[in-house]
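Peer 1: Numbering (the working numbering), first residue to last: 20 to 228.
The C-beta atom is built at its ideal place from N, Cα and C for all residues, glycine as well.
Because the structure is a prediction, the values reported are computed rather than measured.
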Amino acid sequence: SKVIYKHYANQPEKFVDGLCHLGINQPLHLSIPGEGSPMIPSPGTNGWYGTTLPWLSVGYGLTITPLQTLTIYNAVANNGVMVKPQLVDAITKDGKTIKKFQPVIMNPSICSSSTLKKLRKMLEGVVLRGTASNLKNTVYSIAGKTGTAQIASKGQYKVEAKANYRASFVGYFPAENPEYSCIVIVNSPSTDGYYGNITAGPIFREIAD
């Protein structure tokens, strides 16, 4: 947050433009109904406050769907190429393919190759020596990020004893040559263990195994 505030405090619109460059400000236009609409606050609007920029740097203050988050991680795993999530590969009838769905590229390059290399190294570090080190194993490597967010109730955040949380882990594997990705969201985990690495991480690991 300090780094982001230092470099973007005088030009927050540049930071927001960077988020929009990823494409997370637009719906994915999935082939099934019910997709949520993303929301990213903009400088100069009613939803922009003095704390908005540092909050945005850690994922607070904006609204995107879990599938949008996973789409970004897919792009990181896919050498920077962001591809639209598709639920159907082809439509067949009587053994014949009627329609084949080709990959749809949403963003050919989410960042520079040097930035991508650093980002992948950081995501691998989360599992090797960071908040998700409990997912480390000798069979295959995982890259990803834990998430622990407090859920507001009636516009307010509670003290820790009465707080409600959402825990998550999102990532891909094998880290060095990705083939699969996954996001796990746990709503209202127990207060005994509500962090992403404790609740969502083991579920991710079980699915990956």
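(1) With distances taken from CA atoms, which of A94, G66, S133, A182 is nearest H40?
(2) Which of the three DSSP states, helix, strand or coil, is assigned to Y159?
(3) Quick one: which unbroken alpha helix (DSSP H) runs of 4-plus residues sit fully inside the segment 77–121? Chain order, please.
(4) Taking Cβ positions, are S187 and I170 nearer each other than 8 Å?
(5) Is it true that the segment 191–205 meets the segment 149–163, where meeting means three or more beta-carbon pairs spaced less than 8 Å apart?
(6) In the DSSP assignment, find the unbroken beta strand (DSSP E) run with I202 in it and report its ends.
(7) Any contact between the segment 76–91 and the segment 52–65? By contact I mean 3 or more CB pairs, one from each, below 8 Å.
(8) Which of the three DSSP states is assigned to Y24 in this structure?
(9) In whole angstroms, give me the CA-to-CA distance for F120 and T88.
(10) Could you give the first and the last residue of the continuous beta strand (DSSP E) run that contains V189?
(11) Can the beta-carbon of T167 be found less than 8 Å from the beta-carbon of G220?
(12) Give me the Cα-Cα distance between I124 and V102, rounded to the nearest whole angstrom.
Peer 2: Here's the rundown:
(1) As a position in the sequence shown, residue 40 is number 21, starting the count at 1. It is A94 whose Cα lies nearest to the Cα of H40.
(2) Along the sequence shown, read from residue 1 onward, the residue named residue 159 stands at position 140. In this structure, Y159 counts as coil in the three-state DSSP scheme.
(3) 85–96
(4) Numbered from its first residue, the sequence shown carries residue 187 at position 168. Numbered from its first residue, the sequence shown carries residue 170 at position 151. No.
(5) yes
(6) By 1-based counting over the sequence shown, the position of residue 202 is 183. 199–206 is the extent of the beta strand (DSSP E) around I202.
(7) yes
(8) The count along the sequence shown starts at 1 and reaches residue 24 at position 5. Of the three classes helix, strand and coil, the one that applies to Y24 here is helix, per DSSP.
(9) Locating residue 120 in the sequence shown gives position 101, where the first residue counts as 1. Locating residue 88 in the sequence shown gives position 69, where the first residue counts as 1. Between F120 and T88, the C-alpha separation is close to 22 Å.
(10) Sequence index remark: in the sequence shown, residue 189 carries index 170 (1-based). Unbroken beta strand (DSSP E) run through V189: 183–192.
(11) Along the sequence shown, one-based indexing puts residue 167 at 148. Along the sequence shown, one-based indexing puts residue 220 at 201. Cβ atoms of T167 and G220: not closer than 8 Å.
(12) To locate residue 124, count along the sequence shown from 1; it is residue 105. To locate residue 102, count along the sequence shown from 1; it is residue 83. Computed Cα separation, rounded: 4 Å.
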